[in-house]
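Residue numbers (my numbering), protein chains in the order written: chain A, 263 to 551; chain B, 263 to 551.
And the structure:
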């Protein structure tokens with residue numbers, strides 16, 4: 263397969279690394295890459311994340327027989343990037359992306375691709391580390407991690423994208439953009455706001471000695487609960503901006519859950535509180551091991 | 263020193279283990295233990311967490327020259343345990359505890375001890391693992407972990423309790439019971455309710471396919487944010503019951519923080535949301551590394 267990767271950060275670079283590592287004589291992969299940064303292009307070539315990389319697609323030889331182009335840019339750049347590249351790529355090429363929202367991407371991206379006789383299948387490979395950029399790339403980053411792909415009438419395109427992510431070890435789930443966005447709002451986007459609000463609430467303490475003591479005593483419980491609230495602010499903003507209705511829906515439901523816990527505590531309903539916590543203890547097992 | 267440990271679970275057992283391991287000819291420690299379970303007593307003796315253990319203090323020889331008694335029972339049993347043991351122990355013995363709340367314990371415990379010419383200093387050694395019971399004990403469990411002790415007019419008692427926790431490697435912070443309870447509500451008790459409410463909110467999803475997808479996609483972010491909400495329900499209930507006003511205070515502040523984040527998202531205030539998340543990212547460093 264000939265695969266283009268646009269955006270050579272952690273996800274794009276790690277994808278290229280695995281695809282080139284699995285390339286064989288009988289099933290060779292050829293990977294071209296595009297990044298805004300000439301240094302990143304050089305580094306991606308040096309570590310064999312790509313065969314060739316450039317800041318400009320016109321410097322890439324023989325793009326004409328490319329099978330799949332994977333857009334690995336931040337969410338806000340996905341549509342403009344497809345818009346810019348589609349006219350320079352052949353008919354029948356398939357675009358996919360790696361964005362953590364799908365409804366805001368899939369319909370407009372499909373429309374752009376259609377204009378050029380090209381296909382689009384939305385992807386959300388859920389893999390990552392605390393680090394970013396080409397210097398953070400990892401072999402087997404995607405192994406056993408879930409990847410959502412969105413439905414398409416073009417069964418051949420769907421099969422190619424599915425097999426791309428399967429080849430790097432991902433578990434594939436097909437879901438509508440709307441279902442994807444609601445599920446991801448629940449377990450990924452809303453938790454960022456829930457967690458960030460906890461840090462902000464602690465900082466509201468006006469008694470300096472209590473605040474200082476809290477900071478000294480904070481340990482693994484606070485570390486874990488606050489972790490995603492201390493993450494990349496730009497990413498958090500983009501999640502909310504591009505998944506606004508689903509994240510609000512999740513946060514409203516969350517407010518109600520929290521309010522009922524507060525009511526139990528206010529009204530000394532200790533047995534009910536313990537039963538509620540026994541439910542959350544057991545329900546958590548549905549989500550994580 | 264001659265030290266009694268009442269309640270031979272993870273905390274009591276690990277404390278005994280470290281105290282006996284550091285016992286030397288020049289500074290010998292003698293540890294007696296009490297547990298409700300004869301099996302636990304045997305096991306504590308077998309692993310050298312105590313020199314002798316029994317279900318009944320009357321079976322412990324020479325309790326008369328005990329220096330400190332550490333009550334390592336669940337919160338609800340601390341006061342009844344002191345009430346039962348104080349008449350059977352000498353004047354001048356010092357009681358301390360390991361409860362995660364202090365205002366509900368320190369004043370009544372001090373009053374009981376005073377009646378018998380004994381001292382009380384509240385302690386909260388903040389150490390633990392995901393496991394419970396004598397079979398979960400660990401050497402060096404307390405090493406470099408924070409321990410709050412509450413003020414006392416009895417400077418000798420305070421010094422003895424401070425030195426007990428220092429001897430197992432703890433960082434000591436002296437704070438009033440009220441300041442302790444507010445700080446711990448912020449960074450430990452409220453996060454349990456914040457985290458549990460997240461699990462409960464996800465379970466509210468009525469669309470089975472979205473719920474199933476969310477459960478399949480949940481990963482490290484959800485794992486961390488939900489961890490303390492999936493903890494021991496009895497412990498969660500006791501935190502709320504014995505630290506009711508401080509935990510409610512923290513949760514009200516939390517509700518306001520969450521509400522302002524929701525408002526930013528509702529009103530498309532993306533730059534403000536990003537600035538808010540940049541603050542929480544940087545403020546988190548005051549609490550955890």
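By construction, the Cβ of each residue, glycine as well, lies at the ideal position given by its N, Cα and C atoms.
Please read these numbers as outputs of a predicted model, since none were measured by experiment.
Report task. Find the residues of chain A that neighbour residue 336 of chain B, judging by a C-beta separation of less than 9 Å, and give them in chain order. Result -> Going along chain A, no residue has its Cβ under 9 Å from residue 336 of chain B, so there is no contact; the nearest lies around 13 Å.
Requested in this report: Identify each residue in the stretch 470-483 of chain B for which the Cβ-Cβ distance to at least one residue of chain A is less than 7 Å, and report them in chain order.
Outcome: 471, 472, 475, 476, 477, 478, 479, 480, 481 and 483
Report task. Specify the secondary structure class of residue 568 of chain A as computed by DSSP and reduced to three states. Result -> Residue numbering for chain A in the displayed model covers 263 to 551; residue 568 of chain A lies beyond these limits and cannot be assessed.
**Report entry** Every unbroken beta strand (DSSP E) within the stretch 294-356 of chain A, with a cutoff of 3 residues, ordered by chain
**Finding:** 314-316 and 330-333
**Report entry** Cβ shell of residue 271 of chain B (< 7 Å), same chain only, five flanking positions each side left out
**Finding:** 334, 394, 395 and 396
Report task. Could you tell me if residue 308 of chain A is buried or exposed, where buried requires 16 or more neighbouring beta carbons within 10 angstroms of its beta carbon? Result -> exposed
**Report entry** Contacting residues, own chain, Cβ-Cβ under 6 Å from residue 263 of chain B (five flanking each side not counted)
**Finding:** 291 and 329
Query raised in the report: Helix or strand or just coil, what does DSSP make of residue 554 of chain B?
Result: Because chain B in this structure spans residues 263 to 551, residue 554 of chain B falls outside the shown range and cannot be described.
Report task. Identify each residue in the stretch 514-540 of chain B for which the Cβ-Cβ distance to at least one residue of chain A is less than 9 Å, and report them in chain order. Result -> 514, 515, 516, 517, 518, 519, 520, 521, 522, 523, 524, 526, 527, 528, 530, 532, 533, 535, 536, 537, 538, 539 and 540
Query raised in the report: So what does DSSP say about residue 288 of chain B, is it helix, strand or coil?
Result: coil
Report task. Would you identify the three-state DSSP class for residue 382 of chain A, choosing helix, strand or coil? Result -> strand
Report task. Go ahead and pull the three-state DSSP assignment for residue 542 of chain A. Result -> helix
Requested in this report: Return the residue from the list B/360, B/324 and B/350 that minimises the CA-CA distance to residue 338 of chain B.
Outcome: B/360
Query - Within chain B, partners of residue 302 of chain A - CB distance below 7 Å - result: Simply none; closest approach about 24 Å.
Query raised in the report: Taking 9 Å as the CB-CB cut-off, is residue 503 of chain A touching chain B?
Result: yes
Query raised in the report: Who are the neighbours of residue 509 of chain A on chain B, taking C-beta pairs under 8 Å?
Result: 527
Query raised in the report: In its own chain, which residues sit with a C-beta less than 7 Å from the C-beta of residue 500 of chain A, not counting the 5 before and 5 after it?
Result: 336, 337 and 338
Report task. Could you tell me the distance, in whole angstroms, from the CA atom of residue 478 of chain B to the CA atom of residue 445 of chain A? Result -> 9 Å
Query raised in the report: Are the C-beta of residue 280 of chain B and some C-beta of chain A separated by less than 9 Å?
Result: no
Query - Separation of residue 461 of chain A from residue 381 of chain A, as counted between CA atoms - result: 43 Å
Query raised in the report: Whose C-beta lies closer than 6 Å to the C-beta of residue 448 of chain A among residues of the same chain, with five residues either side of it excluded?
Result: 512
Query raised in the report: Residue range of the alpha helix (DSSP H) that residue 549 of chain B falls in?
Result: Counting along the chain, residue 549 of chain B falls outside any alpha helix (DSSP H), and DSSP gives it neither H nor E.
Query - Classification of residue 428 of chain B by the beta-carbon crowding that lies within 10 angstroms, buried from 16 upward - result: exposed
Query raised in the report: Along chain A, in chain order, which residues have C-beta atoms closer than 8 Å to that of residue 360 of chain B?
Result: Within 8 Å Cβ-Cβ: nothing; residue 360 of chain B doesn't reach chain A, min ~14 Å.
**Report entry** Same chain only: Cβ atoms within 8 Å of residue 349 of chain A, ignoring 5 sequence neighbours per side
**Finding:** 378
Report task. Below 8 Å on the Cβ atoms is my guess for residue 519 of chain B versus residue 491 of chain B; work out the distance and round it to an integer in Å. Result -> Residue 519 of chain B to residue 491 of chain B, Cβ: 18 Å. No contact.
Query - 9 Å Cβ cutoff, residue 491 of chain A in contact with chain B - result: yes
**Report entry** chain B contact for residue 411 of chain A (CB, 9 Å cutoff)
**Finding:** no
Query raised in the report: Smallest Cα separation from residue 435 of chain B: which of A/389, A/419 and A/472?
Result: A/472
Requested in this report: Assign residue 317 of chain B to buried or exposed, taking buried as 16 or more other Cβ atoms, counted over all protein chains shown, within 10 Å of its Cβ.
Outcome: exposed
Query raised in the report: Does any residue of chain B bring its CB to less than 9 Å from the CB of residue 459 of chain A?
Result: yes
**Report entry** Under the three-state DSSP convention, the category residue 410 of chain B falls into
**Finding:** strand
Query raised in the report: Tell me which same chain residues have a C-beta within less than 7 Å of the C-beta of residue 538 of chain B, skipping the five on either side of it?
Result: 523 and 526
Query raised in the report: What does residue 358 of chain B pair with, by DSSP beta-bridge criteria?
Result: B/332 and B/383
Query - 9 Å Cβ cutoff met for residue 385 of chain B and residue 411 of chain B - result: yes
**Report entry** chain A within 9 Å of residue 343 of chain B, Cβ atoms only
**Finding:** no
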